[in-house]
Amino acid sequence: MPEEPDHPGETFAERLDWLFRTTPDPTGKPYSVRHVASELTRRGCRISHTHLNNLRQGRAPDPRRSVMEAIAAFFGRPPSFFTGRPADRDPPDDELVRLLADPHLRQVALRLVDARLSPEGHAVVVAVIEQVRRLEVAAGTRRGDAAGVAGR
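Going by the numbering used here, the sequence shown opens with residue 140, and the numbers climb by one from there.
This is the structure we're talking about:
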């Protein structure tokens with residue numbers, strides 16, 4: 140297989156296509172547009188495989204920010220990957236700053252950064268968190284609103 144260029148391109152479409160070509164799925168094969176669209180929809184970002192393919196091929200205008208952020212997250216990239224702005228120039232999310240003041244959440248976030256997991260690894264971590272949440276809800280041991288993280 141030919142070596143992929145290190146530079147993902149200048150346009151949204153070029154960068155999206157680069158992600159599809161260079162980010163393997165858990166089996167080592169390229170992600171299909173149908174799989175990514177299905178997973179984005181499952182995560183709350185409704186997008187058809189046709190529209191995603193049109194974005195990839197530059198036949199649709201650049202998506203709204205929420206779609207771009209969802210695509211970037213799926214591929215394990217910051218939203219700045221598509222905007223071309225350095226990540227450190229993105230304005231901080233006030234809610235995220237507030238949540239990271241919780242030492243438990245901060246510990247988990249820092250551990251995720253240190254682990255340098257693949258997008259699939261992050262998906263497994265999210266699935267484990269969801270399972271623990273379900274178990275705690277069933278057992279009635281979930282932290283309450285006083286802890287500042289209810290519903291998370």
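All residues carry an ideal CB built from backbone N, CA and C; glycine is no exception.
Given the structure is predicted, the values throughout are model-derived calculations rather than measurements.
Leaving out five residues on either side along the sequence, give the residues of the same chain with a beta carbon under 6 Å from the beta carbon of residue i.
i	result
Leu274	none
Taking DSSP as the reference, what is the three-state secondary structure of residue i?
i	result
Pro200	coil
Pro147	coil
Pro169	strand
Pro163	strand
Arg245	helix
Ser257	coil
Arg240	Note on identity: in this sequence residue 240 is Ala, with Arg being the wrong assignment. In this structure, Ala240 counts as coil in the three-state DSSP scheme.
Phe214	coil
Ser125	Since the first residue shown for the chain is 140 and the last is 291, residue 125 is missing from the structure and cannot be characterised.
Arg182	coil
Among the options, which residue has its Cα nearest to the Cα of residue i?
i	options	result
Phe151	His174, Ile210, Leu179, Glu178	Ile210
Thr189	Arg182, Arg181, His174	His174
Pro258	Asp156, Gly167, Glu149	Gly167
His261	Gly215, Ile186, Glu153	Gly215
Arg204	Gln196, Gly197, Pro217	Pro217
Just to confirm my understanding: we take residue i, look at its own chain, exclude 5 residues before and 5 after, and list those with CB closer than 8 Å. What are they?
i	result
Asn193	Ala199
Please list, in chain order, all residues of the same chain as residue i whose beta carbon is under 7 Å from its beta carbon, the five residues on each side excluded.
i	result
Tyr170	Phe159, Thr162, Asp164
Gly148	Arg154, Trp157
Val206	Cys184, Ile186
Just checking residue i against the ligand ZN - is the residue's beta carbon closer than 7 Å to any of the ligand's heavy atoms?
i	result
Leu256	With respect to small molecules bound, the structure shown includes none, and the ligand ZN cannot be examined in it.
Going by the CB atoms, is the gap between residue j and residue i shorter than 8 Å?
i	j	result
Ala213	Glu178	Before going on, a small fix: residue 213 reads as Phe here, not Ala. Yes, these two residues count as a Cβ contact at 8 Å.
Arg245	Leu251	no
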